[in-house]
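Q: Residue numbers (UniProt numbering): 1 to 184.
We put the CB at the ideal spot given by N, CA and C, even for glycine.
Please read all numbers here as calculations on a predicted model, not as lab measurements.
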């Protein structure tokens, strides 16, 4: 599921579009494989036991149903959540959307952003991921975790902020250039 282009304003250009880093899927996938191994051992033990064939069949069905529930909870749900989470930077705003059945999101206009910073530890540096922190006017800083190539996103977002400062402010009738103001 790609980011819906109809959510963009006319003339708005997507600069960056990211899903969370794949490391956010590591724990759910490992947990799924643990459940798969446990289900395999349980089915093997059930089949090798001296129980009646009907009892073996129903134990196998119960183990299969439990495995399907584990697959849905520990694999399908995190994959869908990952796929439906979008971090988008356009030439006008930062957009964050997430959720499977119920969606939530936030839009931060580029003009309202005061500071942009990133954080990442040793493992995040090796995986080229991290947390991007955006502070906008009159709001608490917002943290976006597991952003792939966080340093490149930080640099590109900062570049968008600089480009925004170089554009004329047509609402006030003033043009800003190199800290000088020219009136129309």
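What separation, rounded to the nearest whole angstrom, lies between the Cα atoms of residue 36 and residue 7?
A: 40 Å
Q: From which residue to which residue does the alpha helix (DSSP H) around residue 139 run?
A: Unbroken run through residue 139: none, as it is neither H nor E.
Q: Can you check which of these residues, 68, 51, 18, is closest to residue 98 by C-alpha distance?
A: 18
Q: Where are the beta strand (DSSP E) runs, 3 residues long or more, that stay fully inside the region 8-51, in chain order?
A: 14-18
Q: Give the single residue among 87, 112, 127 whose Cα lies nearest to the Cα of residue 95.
A: 87
Q: Out of 152, 64, 126, point me to the one whose CA is closest to residue 132's CA.
A: Among 152, 64, 126, the Cα nearest to that of residue 132 belongs to 152.
Q: Whether or not the region 110-129 and the region 147-163 are in contact is what I'm after, with contact meaning three or more pairs of Cβ atoms, one per stretch, closer than 8 Å; do they touch?
A: yes
Q: Would residue 74 pass as a contact of residue 148 if the rule is Cβ separation under 9 Å?
A: no
Q: Which word fits residue 77, buried or exposed, when buried means at least 16 other C-beta atoms lie within 10 angstroms of its C-beta?
A: exposed
Q: Is the region 8-16 touching the region 45-61 in the sense that three or more CB pairs, one from each, lie closer than 8 Å?
A: no
Q: Assuming the contact rule is C-beta atoms closer than 8 Å, residue 127 and residue 23 should be a hit. Round their C-beta distance to whole Å, please.
A: About 6 Å separates the Cβ atoms of residue 127 and residue 23, confirming a contact at the 8 Å cut-off.
Q: Whole-angstrom Cβ separation of residue 164 and residue 108, contact assumed at under 8 Å?
A: That belief does not hold up - the Cβ atoms of residue 164 and residue 108 are roughly 12 Å apart, past 8 Å.
Q: Among 55, 49, 53, 40, which one has its Cα closest to the Cα of residue 64?
A: 40
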